[in-house]
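Peer 1:
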Amino acid sequence: MAEEVLADRPESTVIRVGGTVAKTHAPDTDPAALALRLAVAAHPAVAGTLLPPLPPAVVERAPGGRAVTRWPYGAPVDGDIPWDAAGALLARLHAVPVAALRALGPLPAARGPLRAVRAVARMRRTVDGRRFAAARQAVERAWARVELPGPPGPGAVLCHGDFHLGQLVRHPVPGGPWRLIDVDDAGLGDPAWDLARPAAWYAAALIGPEEWNRLLGSYQAAAGTTGQDPWPGLDVPARALTAQLAARALARASVDGTALEEAGEALVDSCVRIAALP
Numbered sequence: 029m030a031e032e033v034l035a036d037r038p039e040s041t042v043i044r045v046g047g048t049v050a051k052t053h054a055p056d057t058d059p060a061a062l063a064l065r066l067a068v069a070a071h072p073a074v075a076g077t078l079l080p081p082l083p084p085a086v087v088e089r090a091p092g093g094r095a096v097t098r099w100p101y102g103a104p105v106d107g108d109i110p111w112d113a114a115g116a117l118l119a120r121l122h123a124v125p126v127a128a129l130r131a132l133g134p135l136p137a138a139r140g141p142l143r144a145v146r147a148v149a150r151m152r153r154t155v156d157g158r159r160f161a162a163a164r165q166a167v168e169r170a171w172a173r174v175e176l177p178g179p180p181g182p183g184a185v186l187c188h189g190d191f192h193l194g195q196l197v198r199h200p201v202p203g204g205p206w207r208l209i210d211v212d213d214a215g216l217g218d219p220a221w222d223l224a225r226p227a228a229w230y231a232a233a234l235i236g237p238e239e240w241n242r243l244l245g246s247y248q249a250a251a252g253t254t255g256q257d258p259w260p261g262l263d264v265p266a267r268a269l270t271a272q273l274a275a276r277a278l279a280r281a282s283v284d285g286t287a288l289e290e291a292g293e294a295l296v297d298s299c300v301r302i303a304a305l306p
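One point on numbering: in the numbering used here, the residue at position 241 of the sequence shown is 269, and numbering is uninterrupted.
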């Protein structure tokens, strides 16, 4: 059966063979933390929310030593974007009883904040200060308005760590229910960091009010928080994700020697507005 490369990035490669997907993880992956995240995805408490790994749920080793995990194939978003399903799934993930997972071992922290830190660090290493001086300065000023969270406290919930619409698949294919995939950054944390990426898109006008309200509305309906203002908790994480996404766009354009894409320009403009806040 022929292989199909679903993703090929420096940090990971994802290959499909029939109904099986093999993911090769980043070279610096902590195998013990990944094994815990894999066990979480296989736990009955998250059934119907996270796509479970193929049994046995173990971390394998590629010939070069990198960690490999195996999953059932799910059909990605194609066409109409399932905003309502995405919001409801995220709320269900945040409602998973953490106490039921603690028997697996000490759960790692969700890595959403770490992803933001790494994106800004990469921008500093790679972005040409002459071509993108003003844009880089805008990101730095927005990043200065971010306060990163400390270690997860008693109120921490199970978070995805890298939530976006590419993390949804239908399983079983073709028309099964939606499930969340990719547990590389999952762990305990503040749920606002999972909502922060679509909030950053909305603030940068990359998605419209209708899409944002559908996502947020379905999330709040499932979480039992309908009518509450989400922004007091979302503000700082959304600033961080805006800076992260703008930094990634700048790094990509600088490394590729291209102009900043339209979405990147919108994110940099959003950084300018963040930096101007009182």
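The beta carbon of each residue, even a glycine, is placed where N, CA and C say it ideally should be. In this text, all values refer to a predicted model and were calculated from it rather than measured experimentally.
Can you look up residue 167 in the DSSP assignment and give me helix, strand or coil?
Peer 2: Residue 167: helix per DSSP, three-state reduction.
Peer 1: How is the beta strand (DSSP E) around residue 207 delimited, first residue to last?
Peer 2: That run of the beta strand (DSSP E) goes 206–208.
Peer 1: Give a yes or no on whether the C-beta atoms belonging to residue 137 and residue 203 are separated by under 7 Å.
Peer 2: Cβ distance not < 7 Å, so residue 137 and residue 203 don't count as in contact.
Peer 1: Among all the DSSP beta bridges, which residues are the ones paired with residue 52?
Peer 2: Answer by DSSP bridge pairing, in chain order: 41, 96.
Peer 1: Cβ of residue 89 within 7 Å of Cβ of residue 55?
Peer 2: Their beta carbons are not under 7 Å apart, which means residue 89 does not touch residue 55 by this criterion.
Peer 1: Within 7 Å of any Cβ in chain B, is that where the Cβ of residue 99 sits?
Peer 2: Here chain B cannot be found, since the structure has a single protein chain.
Peer 1: DSSP on residue 290, reduced to helix/strand/coil?
Peer 2: In the structure shown, residue 290 sits in a helix (DSSP, three-state: H, G or I).
Peer 1: Can you tell which of 201, 268, 270, 109 has its C-alpha closest to the C-alpha of residue 48?
Peer 2: The candidate whose alpha carbon is nearest that of residue 48 is 201.
Peer 1: Could you give the distance in angstroms between the alpha-carbon of residue 59 and the alpha-carbon of residue 306?
Peer 2: Cα-Cα distance, rounded: 43 Å.
Peer 1: DSSP on residue 156, reduced to helix/strand/coil?
Peer 2: The answer is coil: DSSP assigns residue 156 none of H, G, I, E or B.
Peer 1: To the nearest angstrom, how far is it from the Cα of residue 103 to the Cα of residue 179?
Peer 2: Looking at the two C-alpha atoms, the distance is approximately 35 Å.
Peer 1: When you compare the CB positions of residue 81 and residue 99, do they come within less than 7 Å of one another, or not?
Peer 2: Cβ distance < 7 Å, so residue 81 and residue 99 count as in contact.
Peer 1: Between the beta-carbon of residue 76 and the beta-carbon of residue 243, is there less than 7 Å?
Peer 2: No, Cβ-Cβ distance for residue 76 and residue 243 is not below 7 Å.
Peer 1: Alpha carbon to alpha carbon, what distance is there between residue 248 and residue 199?
Peer 2: Between residue 199 and residue 248, the C-alpha separation is close to 24 Å.
Peer 1: Kindly indicate which three-state DSSP category residue 104 falls into: helix, strand or coil?
Peer 2: Looking at residue 104 - three-state DSSP - the assignment turns out to be strand.
Peer 1: Skipping 5 residues on each side, what residues in its chain have a beta carbon closer than 8 Å to that of residue 287?
Peer 2: Cβ within range, chain order: 281.
Peer 1: Under a three-way DSSP split, which group does residue 212 fall into?
Peer 2: Residue 212: coil per DSSP, three-state reduction.
Peer 1: Looking at the unbroken beta strand (DSSP E) that takes in residue 36, where does it start and where does it end?
Peer 2: It spans 31–36 - the beta strand (DSSP E) in which residue 36 sits, taken as one unbroken run.
Peer 1: Are the CB atoms of residue 41 and residue 57 within a distance shorter than 7 Å?
Peer 2: Result no, Cβ atoms of residue 57 and residue 41 do not sit closer than 7 Å.
Peer 1: Nearest-angstrom Cα distance between residue 181 and residue 122?
Peer 2: So the two alpha carbons sit approximately 15 Å from each other.
Peer 1: Three-state secondary structure (DSSP) at residue 238?
Peer 2: Three-state DSSP puts residue 238 in a helix.
Peer 1: Find out if the Cβ-Cβ distance for the pair residue 266, residue 228 is shorter than 7 Å.
Peer 2: In contact: residue 266 and residue 228 (Cβ atoms closer than 7 Å).
Peer 1: Could you check which residue in 158, 231, 192 has the C-alpha nearest to that of residue 118?
Peer 2: Out of 158, 231, 192, 192 has the C-alpha closest to the C-alpha of residue 118.
Peer 1: Would you kindly report the start and end of the unbroken beta strand (DSSP E) that includes residue 185?
Peer 2: Looking at the DSSP string, the run of the beta strand (DSSP E) that includes residue 185 is 185–187.
Peer 1: Return the Cβ separation of residue 105 and residue 196 in integer angstroms, given the expectation that the two are a contact with Cβ distance under 8 Å.
Peer 2: So it is a contact: roughly 6 Å between Cβ atoms.
Peer 1: Please report the distance separating the alpha-carbon of residue 275 from that of residue 64.
Peer 2: Cα to Cα, the separation comes out at about 30 Å.
Peer 1: Three-state secondary structure (DSSP) at residue 305?
Peer 2: If DSSP states are grouped into helix, strand and coil, residue 305 belongs with coil.
Peer 1: Taking only heavy atoms of the ligand ATP into account, decide whether any of them is closer than 6 Å to the Cβ of residue 292.
Peer 2: Among the components of this structure there are no ligands whatsoever, and the ligand ATP is therefore not found.
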